[in-house]
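Shown next, in structure tokens, is the structure this report addresses.
Residue numbers (UniProt numbering): 1 to 245.
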């Protein structure tokens, strides 16, 4: 089984990139992982020390793949899509004038037999927005062997949890992708009992796994990305999907 897992959330600052990077480090111990950075601010790439031009700008300016493909370590590679910050003129120019070169460069990176592809969307209002849909369309047209799925993420503010779940379901319906899991992130110890009750309610109304992740300063500061044990249940859940025939 090969998976493409998108990380989505209705707000910024709720840990989408943190969780996606933790997941990439863990899974790369056993599997070949490609992390597609579709965040308009390219936060995941920056955290990993990569400040390349991004795929669209590299194609427009005829730059090498070192400007958008970055090896973090064995079995963990980043594909950075956008420049920093996003230059929409570059994006529109490439789609209009260099679409063939774009597809060729994209396929060259993605076609390296990755077991799992993790997609960090950043903050989006619609997956049908050309900024985000273009990459998705290139993927589904060239890599039909992957099961398409996604993980929704919310912070631990109660009203935000329900809003984030509705947002996540709407995005899944837009592109007919099957939801994999929903994560309530940054849960303070004093709120854990109440949030656990909400999780039990959610599990009755949605047919996906729901996970809790505690609040820790090190996660906010992007520390110990390859050492945390708080995400183990999530990692093993995805790993089980990968190992399933």
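Don't be surprised by glycine CBs; every beta carbon is placed ideally from N, CA and C. No experiment lies behind these values; they were computed from the predicted model shown.
Got a sec? Which residues, its chain only, sit under 7 angstroms from residue i by beta carbon, not counting five neighbours each side?
{"i": "residue 218", "result": "224"}
{"i": "residue 187", "result": "156, 195, 212, 213, 214 and 215"}
{"i": "residue 57", "result": "83, 87 and 90"}
{"i": "residue 247", "result": "Past the boundaries of the shown model lies residue 247; the chain is included only from 1 to 245, so the question cannot be answered."}
{"i": "residue 138", "result": "103 and 106"}
{"i": "residue 132", "result": "38, 121 and 124"}
What residue from the options has the CA that sits closest to residue i's CA?
{"i": "residue 45", "options": "62, 18, 3 and 206", "result": "18"}
{"i": "residue 135", "options": "243, 170, 20 and 38", "result": "38"}
{"i": "residue 24", "options": "13, 146 and 36", "result": "36"}
{"i": "residue 208", "options": "172, 122 and 229", "result": "172"}
{"i": "residue 185", "options": "164, 78, 31 and 145", "result": "164"}
Can you say whether residue i is buried or exposed, counting buried as having 16 or more other CB atoms within 10 angstroms of its CB?
{"i": "residue 240", "result": "exposed"}
{"i": "residue 162", "result": "exposed"}
{"i": "residue 16", "result": "buried"}
{"i": "residue 43", "result": "buried"}
Give me the Cα-Cα distance between residue i and residue j, rounded to the nearest whole angstrom.
{"i": "residue 130", "j": "residue 83", "result": "16 angstroms"}
{"i": "residue 110", "j": "residue 125", "result": "25 angstroms"}
{"i": "residue 152", "j": "residue 199", "result": "14 angstroms"}
{"i": "residue 233", "j": "residue 98", "result": "43 angstroms"}
{"i": "residue 122", "j": "residue 128", "result": "14 angstroms"}
{"i": "residue 142", "j": "residue 62", "result": "23 angstroms"}
Taking residue i as part of the alpha helix (DSSP H), name the residues at either end of that continuous run.
{"i": "residue 233", "result": "232-243"}
{"i": "residue 152", "result": "Counting along the chain, residue 152 falls outside any alpha helix (DSSP H), though it belongs to the beta strand (DSSP E) covering 146-154."}
{"i": "residue 159", "result": "158-175"}
Given the structure, does residue i come close to the ligand MG, in the sense that its CB is under 8 angstroms from one of the ligand's heavy atoms?
{"i": "residue 241", "result": "For the ligand MG, the structure offers nothing, since it holds no ligand at all."}
Ordered along the chain, which non-local residues of its own chain (more than five positions away) have a Cβ less than 8 angstroms from that of residue i?
{"i": "residue 66", "result": "52"}
{"i": "residue 93", "result": "60"}
Can you tell me where the beta strand (DSSP E) holding residue i begins and where it ends?
{"i": "residue 209", "result": "209-214"}
{"i": "residue 9", "result": "2-9"}
For residue i, which residues in the same chain have their Cβ closer than 6 angstroms to its Cβ, ignoring the five residues on either side in sequence?
{"i": "residue 178", "result": "149"}
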